[in-house]
Amino acid sequence: MGKITIDRNACKGCGLCAINCPEKLIIIDESMNVRGVHPAKFTETDPEKCKGCKMCAIMCPEVCIEVYK
Amino acid sequence: MKKVFERPASLRAVPTHYCSGCGHSIVHRLVCEVIDELGIREDVIAVCPVGCAVIAYEYWDFDCSEAPHGRTPCVATGIKRVHPDKVVFSYQGDGDLAAIGTAEIIHTANRGENITVFFINNGVYGMTNGQMAPTTLIGQKTSTSIHGRDITRDGYPMKMSELLSQLPGAKYIERVSVDNPANVLKTRAAIKKALKCQMEGKGFSLVEILSPCPTYWGLSPKDACRRIEDEMSKAFPLGVIKDA
Ligand SMILES: Cc1ncc(C[n+]2csc(CCOP(=O)(O)OP(=O)(O)O)c2C)c(N)n1
Ligand code: SF4
Ligand code: SF4
Ligand code: SF4
Ligand SMILES: [Mg+2]
Chain A
1 MGKITIDRNA
11 CKGCGLCAIN
21 CPEKLIIIDE
31 SMNVRGVHPA
41 KFTETDPEKC
51 KGCKMCAIMC
61 PEVCIEVYK
Chain B
1 MKKVFERPAS
11 LRAVPTHYCS
21 GCGHSIVHRL
31 VCEVIDELGI
41 REDVIAVCPV
51 GCAVIAYEYW
61 DFDCSEAPHG
71 RTPCVATGIK
81 RVHPDKVVFS
91 YQGDGDLAAI
101 GTAEIIHTAN
111 RGENITVFFI
121 NNGVYGMTNG
131 QMAPTTLIGQ
141 KTSTSIHGRD
151 ITRDGYPMKM
161 SELLSQLPGA
171 KYIERVSVDN
181 PANVLKTRAA
191 IKKALKCQME
201 GKGFSLVEIL
211 SPCPTYWGLS
221 PKDACRRIED
231 EMSKAFPLGV
241 IKDA
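Order-wise, the sequence lines are chains A and B. Residues in the first sequence are numbered consecutively from 1, following the numbering used here. Residues in the second sequence are numbered consecutively from 1, following the numbering used here.
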């Protein structure tokens with residue numbers, strides 16, 4: 001069981017976290033952040049699927065993801 | 001639940017100027033992770049380049065210097081010779097290392113200077129709007145090869161790591177990439193091995209990192225990573241090139 005937090009306003013919306021999450025738990029949000037980009041958002045529907053595997057954070061160029069396990 | 005991933009202490013908590021999906025930012029973080037793990041934050045001195053990483057010192061919270069384009073290995077040589085107890089690394093792009101700084105990197109490696117080089121190969125001059133570099137792939141379109149790199153006019157993609165590995169002074173050279181989590185972890189391991197090579201006094205070490213430049217490849221960050229796997233790592237094979 002794991003959990004992540006995403007610093008929404010630090011995110012540049014590259015999507016590298018989303019494509020590398022093995023559980024596909026990260027989506028690109030429809031609303032914009034302060035940078036004017038669509039940021040990554042952790043799932044609200046099935047957060048319990050997160051394994052705390054860190055794949056998302058390992059890829060994040062902006063270091064906006066923290067992982068808990 | 002326990003926190004298992006956070007920003008490394010030696011990476012400042014400020015936004016970077018890098019484009020979305022740029023490999024430089026991933027490598028910056030990895031360098032900090034390794035420095036923190038090795039406990040050498042007070043002992044390390046970085047030499048930052050001209051190129052997109054020109055203000056890396058704004059992000060790295062340890063001692064940094066700056067050098068003219070292509071000359072980081074020379075400045076690193078001087079610092080290391082005066083401070084042999086410090087861990088000195090040069091951070092360079094491919095325009096920096098493989099074009100304007102070709103002579104400097106070759107002679108630094110040939111002298112077997114006990115420094116480490118992190119060589120960010122993104123196949124273009126990112127900072128100046130994506131011109132062709134010596135590392136640009138055959139057929140790749142850039143702002144100075146608008147119909148694609150043509151070997152009869154522009155020569156071949158230059159494999160700097162293989163060239164440098166011919167020099168006896170070079171002790172450890174590996175090519176890695178940051179296009180997926182497994183490769184990012186391999187890059188981290190290579191950065192650590194290279195710094196340890198220096199700390200053990202073995203001599204010149206270099207890690208070449210194939211790194212996405214989504215902006216001047218004209219690709220999304222996702223497709224830029226895919227291009228590294230499908231095209232770039234075919235022309236620049238990954239792996240240890242020298243471990244003497
Ligand atoms: C002596 C000198 N010549 C040319 C330039 C212009 N210039 C700045 S960055 C750059 C190329 C940078 O490309 P690279 O080293 O590949 O770094 P990247 O931006 O791709 O990371 C050039 C030619 C300069 N600043 N100084
Ligand atoms: S820690 Fe792993 S499972 Fe959880 S969101 Fe990140 S990549 Fe997905
Ligand atoms: S990898 Fe980081 S910067 Fe990119 S979309 Fe995910 S959280 Fe945002
Ligand atoms: S131009 Fe390329 S190398 Fe420079 S910051 Fe943007 S993506 Fe990175
Ligand atoms: Mg470059």
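Glycine included, each C-beta is placed from N, C-alpha and C at the ideal position. Bear in mind that the values here come from a model prediction, so they are computed numbers and not experimental data.
(request) Determine contact between the region 156-171 of chain B and the region 95-112 of chain B, defined as no fewer than three beta-carbon pairs at a distance below 8 Å. (result) yes
(request) Name the two residues that bound the continuous alpha helix (DSSP H) containing residue 108/B. (result) 102-110
(message) Assuming the contact rule is C-beta atoms closer than 8 Å, residue 134/B and residue 104/B should be a hit. Round their C-beta distance to whole Å, please.
(response) With 8 Å as the limit, residue 134/B and residue 104/B do not qualify as a contact, their Cβ atoms being about 14 Å apart.
(request) Note down the Cα distance separating residue 57/A from residue 219/B, rounded to an integer number of angstroms. (result) 22 Å
(request) List the whole-angstrom C-beta distance separating residue 112/B from residue 70/B, where the pair is believed to meet the contact cut-off of C-beta under 8 Å. (result) So it is not a contact: roughly 20 Å between Cβ atoms.
(message) With a threshold of 6 Å on Cβ separation, who are the neighbours of residue 23/B within its own chain once the five nearest residues in sequence on each side are excluded?
(response) 178, 211 and 212
(request) Using a Cβ cut-off of 9 Å (strictly closer), state whether residue 180/B contacts chain A. (result) yes
(message) Less than 8 Å separating the Cβ of residue 47/B from some heavy atom of ligand 1?
(response) no
(request) Compute every distance between the C-beta of residue 209/B and the non-hydrogen atoms of ligand 1, then say whether any falls below 8 Å. (result) no
(request) Could you pull out every residue in the same chain whose Cβ sits closer than 6 Å to the Cβ of residue 110/B, ignoring the five residues on either side in sequence? (result) 167 and 169
(message) For residue 151/B, tell me which candidate among 143/B, 164/B and 137/B has the shortest Cα-Cα distance.
(response) 137/B
(request) Pull up the distance between the alpha-carbon of residue 176/B and that of residue 206/B, whole angstroms please. (result) 11 Å
(request) Assign residue 163/B to one of three DSSP states: helix, strand, or coil. (result) helix
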